[in-house]
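Going line by line, the protein sequences match chains A and B.
For reference, each letter of the first sequence is one residue, going 1 to 61 in the numbering used here.
For reference, each letter of the second sequence is one residue, going 1 to 267 in the numbering used here.
Ideal placement from N, C-alpha and C gives every residue a C-beta, glycine not left out.
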Amino acid sequence: MSLKAFHLIFVTLLTALSFGCAAWAFQAGSVLWGVTGIAAGIFVIAYGIYFLRKLKNVSYL
Amino acid sequence: MEIPYTTEHRPDTGLYNAKLGVWLFLASEVMLFGGLFSAYVLLRVGAEPGMWPHGWLNVTLGSINTLLLALSAITTLLAWAACKVRDFGKFKIFHACTMILAIAFLGIKSYEYRDKFLHYEIALNNGTFADGHLVEKSADFDLANKTGAVTLHGHIVEDRKELMDLRSPEAQKAEHKELVIPAADIKKMQNYGPWHNTFTAIYFTMSGLHALHILGGTLVIFYLWGPGSRMYKTDPERFTNRIEVSGLFWHFVDLVWIFLFPVMYLT
Numbered sequence: 001m002s003l004k005a006f007h008l009i010f011v012t013l014l015t016a017l018s019f020g021c022a023a024w025a026f027q028a029g030s031v032l033w034g035v036t037g038i039a040a041g042i043f044v045i046a047y048g049i050y051f052l053r054k055l056k057n058v059s060y061l
Numbered sequence: 001m002e003i004p005y006t007t008e009h010r011p012d013t014g015l016y017n018a019k020l021g022v023w024l025f026l027a028s029e030v031m032l033f034g035g036l037f038s039a040y041v042l043l044r045v046g047a048e049p050g051m052w053p054h055g056w057l058n059v060t061l062g063s064i065n066t067l068l069l070a071l072s073a074i075t076t077l078l079a080w081a082a083c084k085v086r087d088f089g090k091f092k093i094f095h096a097c098t099m100i101l102a103i104a105f106l107g108i109k110s111y112e113y114r115d116k117f118l119h120y121e122i123a124l125n126n127g128t129f130a131d132g133h134l135v136e137k138s139a140d141f142d143l144a145n146k147t148g149a150v151t152l153h154g155h156i157v158e159d160r161k162e163l164m165d166l167r168s169p170e171a172q173k174a175e176h177k178e179l180v181i182p183a184a185d186i187k188k189m190q191n192y193g194p195w196h197n198t199f200t201a202i203y204f205t206m207s208g209l210h211a212l213h214i215l216g217g218t219l220v221i222f223y224l225w226g227p228g229s230r231m232y233k234t235d236p237e238r239f240t241n242r243i244e245v246s247g248l249f250w251h252f253v254d255l256v257w258i259f260l261f262p263v264m265y266l267t
């Protein structure tokens with residue numbers, strides 16, 4: 001597995017963490033942190049798409 | 001003697017040797033951290049009701065550290081990508097950013113540790129508990145001989161269980177002020193170091209081991225950024241593979257934090 005594939009796993013888990021933190025924050029009553037978590041999750045997804053396009057010629061192995 | 005398969009793929013594995021080596025190493029690391037995460041789960045489910053701490057760690061600082069490590073994973077990837085397209089200048093910039101982010105992470109972690117070592121729980125002779133951060137100890141303070149006094153910025157509670165959930169409405173409402181406690185009134189005094197309870201023990205063990213990995217990774221990245229980067233001029237392909245291997249390790253350490261942060265800070 002190349003660094004590209006491992007980075008993709010990292011980005012996926014970071015997205016899950018961002019939305020998970022948002023859910024935690026909403027449950028704890030902090031709207032500001034919840035919105036920040038959702039915004040971070042959306043940003044990480046956008047970054048993931050950007051990085052896949054940028055490294056489309058690099059192997060996953 | 002020439003080292004085989006530093007750049008070309010070995011026919012039986014389909015990988016260059018360093019990549020196979022780092023994945024075997026990371027497999028052993030998964031077992032190490034997996035064992036500690038299992039220990040955490042067992043300690044937590046085995047804790048007496050109401051005696052597992054909540055809200056003892058600063059979520060804002062933990063979130064900043066998460067952001068720093070996420071950014072460092074990106075700069076590591078970009079450094080590798082820069083090497084692949086033979087842009088040495090960009091590689092230097094991105095790897096320098098990774099080091100700065102890692103040092104910032106360690107700085108914040110050190111601040112958190114310092115905060116825990118200055119945070120005291122004092123059992124008083126009257127059965128109550130004083131809890132807060134150390135302001136000062138008088139020059140003649142001696143707990144064994146019961147002389148002098150200690151000053152904390154904190155509050156006093158009737159039941160030790162009240163100190164466990166700092167997110168509870170009662171804990172949020174607690175008024176913190178300076179408390180001067182004579183040594184003669186103290187039954188037991190202990191800071192929030194690894195010896196305090198099972199939570200602080202597993203927290204310091206896991207986050208400390210993780211911080212050591214960050215430190216080790218930073219040293220490797222520094223070597224590859226500094227003296228080790230000479231290889232780029234003689235064998236750029238092999239050097240690029242070294243950057244990839246160090247990046248794999250760095251991503252693993254970042255992944256551990258992605259699990260560590262919610263487990264320690266949010267639960």
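| query | Using a C-beta to C-beta distance shorter than 8 Å, which residues of chain B count as neighbours of A/GLY48? | reply | By one-based count along the first sequence, residue 48 of chain A stands at place 48. The premise fails here: A/GLY48 is roughly 11 Å from chain B at the closest Cβ pair, so nothing lies under 8 Å.
| For B/ASN145, the three-state DSSP class (helix, strand or coil) | Here residue 145 of chain B refers to the residue found at position 145 when the second sequence is read from its first residue. Coil at B/ASN145, not helix or strand.
| query | Do B/GLY217 and B/PHE249 have their CB atoms nearer than 9 Å? | reply | In the second sequence, the residue the question calls residue 217 of chain B occupies position 217. In the second sequence, the residue the question calls residue 249 of chain B occupies position 249. Yes, they are a contact pair.
| task | Can you grab the Cα-Cα spacing for the pair B/GLU136 / A/VAL58, in whole Å? | result | Numbered from its first residue, the second sequence carries residue 136 of chain B at position 136. Numbered from its first residue, the first sequence carries residue 58 of chain A at position 58. Cα to Cα, the separation comes out at about 58 Å.
| message | Checking the sheet assignment: what are the DSSP bridge partners for B/ASN191? | response | Locating residue 191 of chain B in the second sequence gives position 191, counting from the first residue. BP columns for B/ASN191 point to B/TYR120.
| said: For the beta strand (DSSP E) containing B/GLY132, name the first residue and the last one. | reply: The residue given as residue 132 of chain B occupies position 132 in the second sequence. Start and end: 129 to 137.
| Quick one: which chain A residues come within Cβ less than 9 Å of B/GLY14? | Taking the second sequence and counting its residues from 1, one reaches residue 14 of chain B at position 14. Residues of chain A passing the Cβ test: LEU61.
| field | Assumed close pair B/VAL253, B/ILE214 - CB separation to whole angstroms, cut-off 8 Å | value | Counting from one through the second sequence, the residue named residue 253 of chain B turns up at place 253. Counting from one through the second sequence, the residue named residue 214 of chain B turns up at place 214. Right, their Cβ atoms sit about 6 Å apart.
| What does B/HIS54 pair with, by DSSP beta-bridge criteria? | Residue 54 of chain B sits at position 54 when you count from the first residue of the second sequence. Looking at the DSSP assignment, B/HIS54 forms a beta bridge with B/ASP165.
| message | Taking the beta strand (DSSP E) that A/LEU32 belongs to, which residues open and close that run? | response | Position 32 of the first sequence, counted from the first residue, corresponds to residue 32 of chain A. A/LEU32 -> not in any beta strand (DSSP E); alpha helix (DSSP H) instead, spanning 31 to 54.
| Going by DSSP, what residues sit across from B/PRO11 in a beta bridge? | In the second sequence, residue 11 of chain B corresponds to position 11, counting from 1. Within the DSSP bridge table, the entry for B/PRO11 names no partner.
| request: Tell me whether B/ASP142 is buried or exposed, calling it buried when 16 or more other Cβ atoms sit within 10 Å of its Cβ. | output: Your numbering for residue 142 of chain B matches position 142 in the second sequence. By the neighbour-count rule (16 or more Cβ atoms within 10 Å), B/ASP142 is not buried but exposed.
| DSSP puts B/ILE181 in a beta bridge; with which residues? | The residue labelled residue 181 of chain B in the question sits at position 181 within the second sequence. Partner(s): B/VAL150.
| query | At a Cβ threshold of 9 Å, is B/ILE258 touching chain A? | reply | Against the second sequence, residue 258 of chain B aligns to sequence position 258. Answer yes: the Cβ-Cβ gap between B/ILE258 and chain A drops below 9 Å somewhere.
| query | From B/ARG114, B/LEU134 and B/LEU219, pick the residue whose C-alpha is nearest to that of B/GLU121; which is it? | reply | The residue given as residue 121 of chain B occupies position 121 in the second sequence. Residue B/LEU134 is the option with its Cα nearest to B/GLU121.
| Nearest chain B C-beta to A/LYS54 closer than 9 Å, yes or no? | Start at 1 with the first residue of the first sequence, and residue 54 of chain A comes out as number 54. Residue contact check for A/LYS54 against chain B: a CB pair falls below 9 Å.
| query | Is there at least one Cβ from chain B nearer than 9 Å to A/GLY20's Cβ? | reply | Along the first sequence, one-based indexing puts residue 20 of chain A at 20. By this cut-off, A/GLY20 is an interface position.
| C-beta neighbour in chain B for A/ILE9, strict 9 Å | Locating residue 9 of chain A in the first sequence gives position 9, where the first residue counts as 1. Yes, A/ILE9 counts as interfacial toward chain B.
| task | Identify the contact partners of A/VAL58 in chain B, using a Cβ-Cβ distance below 8 Å as the criterion. | result | On the first sequence, residue 58 of chain A is found 58 positions in, with the first residue counted as 1. Those within 8 Å of A/VAL58 in chain B are ALA81 and LYS84.
| said: Using 9 Å as the threshold, is the C-beta distance between B/VAL256 and B/HIS210 below it? | reply: As a working mapping, residue 256 of chain B is identified with position 256 in the second sequence. As a working mapping, residue 210 of chain B is identified with position 210 in the second sequence. Yes, they are a contact pair.
| said: Give me the chain B residues within the contact set of A/LEU17, using Cβ-Cβ distance strictly less than 8 Å, ordered along the chain. | reply: Looking up residue 17 of chain A in the first sequence gives position 17. Those within 8 Å of A/LEU17 in chain B are THR66, ILE258, PHE261 and PRO262.
| field | Cβ separation of B/ASN191 and B/LEU118, assumed to be a contact under 8 Å, to the nearest whole Å | value | In the second sequence, the residue the question calls residue 191 of chain B occupies position 191. In the second sequence, the residue the question calls residue 118 of chain B occupies position 118. Correct: roughly 7 Å between the Cβ atoms.
| request: Determine the DSSP secondary structure at B/ILE243, reduced to helix, strand or coil. | output: Counting from 1 along the second sequence, the entry for residue 243 of chain B is found at position 243. In this structure, B/ILE243 counts as helix in the three-state DSSP scheme.
| request: With 9 Å as the threshold, decide whether the Cβ of B/ILE221 is near any Cβ in chain A. | output: For the purposes of this step, residue 221 of chain B is taken as the residue at position 221 of the second sequence. Judged by the 9 Å Cβ criterion, B/ILE221 is not in contact with chain A.
| Do you know whose CA, among B/TYR5, B/LEU101, B/VAL150 and B/GLY127, lies nearest B/SER72's CA? | As a position in the second sequence, residue 72 of chain B is number 72, starting the count at 1. Taking only the C-alpha atoms, the option nearest B/SER72 is B/LEU101.
| Cα separation between B/GLY154 and B/ALA171? | Looking up residue 154 of chain B in the second sequence gives position 154. Looking up residue 171 of chain B in the second sequence gives position 171. Each residue's alpha carbon lies about 11 Å from the other.
| message | For B/LYS19 and B/THR13, I'd like the C-alpha separation in whole angstroms. | response | Sequence index remark: in the second sequence, residue 19 of chain B carries index 19 (1-based). Sequence index remark: in the second sequence, residue 13 of chain B carries index 13 (1-based). Whole-angstrom Cα-Cα distance: 10 Å.
| said: Whole angstroms are fine: how far does the CA of A/ALA28 sit from the CA of B/TRP23? | reply: As a working mapping, residue 23 of chain B is identified with position 23 in the second sequence. As a working mapping, residue 28 of chain A is identified with position 28 in the first sequence. Their backbone Cα atoms lie some 39 Å apart in a straight line.
| request: Spell out a yes or no on whether the stretch 2 to 11 of chain B and the stretch 11 to 25 of chain A are touching, meaning 3 or more CB-CB pairs, one atom from each, closer than 8 Å. | output: no
| query | Does the pairing of the stretch 63 to 77 of chain B with the stretch 85 to 100 of chain B give three or more beta-carbon distances under 8 Å? | reply | yes
| field | Buried versus exposed call for B/THR147 [16 or more other C-beta atoms within 10 Å across all chains shown] | value | As a position in the second sequence, residue 147 of chain B is number 147, starting the count at 1. Within a 10 Å sphere around the beta-carbon of B/THR147 sit fewer than 16 other beta-carbons, which makes this residue exposed.
| query | What residues of chain A sit near B/ALA73, judged by a beta carbon separation below 9 Å? | reply | The count along the second sequence starts at 1 and reaches residue 73 of chain B at position 73. Here the neighbours are HIS7, PHE10, VAL11 and LEU14.
| At least one CB of chain B closer than 9 Å to the CB of A/VAL44: is that the case? | Locating residue 44 of chain A in the first sequence gives position 44, counting from the first residue. Yes - at least one Cβ of chain B is within 9 Å of the one on A/VAL44.
| request: Drop a sphere of 10 angstroms on the beta-carbon of A/ALA40, count the other beta-carbons inside from all chains shown, and report buried for 16 or more, exposed for fewer. | output: Reading the first sequence from its first residue, position 40 is the one you call residue 40 of chain A. By the neighbour-count rule (16 or more Cβ atoms within 10 Å), A/ALA40 is buried.
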